[in-house]
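**Q**
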Amino acid sequence: MSSLAVSPSLISSSFRGLAVTLVAADHQQVTHIKAHRLPTDSFSPDAQPGLEQDGLIWLGPNERIAVGIEPPQVPEGVFATDASHQYTVVDIKGRNMLQLIQTGTGAFPGKIGGATRLLFTDISLIVRYLDTDHAQCLVDRSVAQWFWDYLVDRIEALGL
């Protein structure tokens with residue numbers, strides 16, 4: 004018989020390259036918010052994919068995720084679930100942040116304040132584009148150590 008356990012946090016919590024810094028922010032609150040009122044989007048009729056609105060990241064119609072903020076008051080038929088145990092949050096800062104992320108994907112949110120779910124090599128990430136030199140990645144905790152090791156390897160190999 005086997006038992007399930009929460010995957011451990013990353014072995015390292017920070018790494019500094021020449022122009023890029025990684026910080027694992029495991030302590031961040033991550034809330035998954037899902038409404039069951041289809042076909043109308045319960046959150047905002049003018050919501051768009053890839054945009055963050057009122058601190059909520061658009062994942063799809065009637066589905067949002069909030070990072071690092073208290074979950075908003077939700078109306079009837081909308082459910083908020085603490086998903087902090089599911090994700091590890093990794094901040095990537097520095098003038099070569101975009102170059103580092105693009106080693107694993109060609110996709111990236113189009114403008115500051117944007118957020119998107121994308122494939123990074125062969126894993127799924129949610130990426131928030133917070134500033135010209137700052138992105139925040141939500142990665143499934145089960146592959147977080149691999150993601151971290153990949154980023155550190157790329158920083159070292161490229162001299163970032």
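Counting from 4, one number per residue, gives the positions in the sequence shown under my numbering.
Where a beta carbon is used, it is the ideal one built from N, C-alpha and C, also for glycine.
1. Please give the ranges of any beta strand (DSSP E) in the stretch 82-141, keeping only runs that are unbroken, at least 3 residues long and fully inside the region.
2. Beta-carbon separation of residue 103 and residue 158 under 9 Å?
3. Below 7 Å CB to CB, which residues in the same chain sit around residue 90 once its five sequence neighbours on both sides are set aside?
4. Which value, in whole angstroms, describes the spacing of the CA atoms of residue 93 and residue 139?
5. Count the other C-beta atoms from every protein chain shown that fall within 10 angstroms of the C-beta of residue 147, then say buried if there are 16 or more, exposed otherwise.
6. Work out the CA separation of residue 21 and residue 133 for me, nearest whole Å.
7. Measure the beta-carbon distance from residue 98 to residue 136 and round it to whole angstroms, keeping in mind my assumption that it falls under 8 Å.
**A** On the basis of the supplied data:
1. Those beta strand (DSSP E) runs which fall completely within the stretch 82-141 and span 3+ residues are 90-96, 118-123 and 126-134.
2. yes
3. Closer than 7 Å at Cβ, skipping near neighbours: 33, 141, 142, 143 and 144.
4. 6 Å
5. buried
6. 21 Å
7. 5 Å
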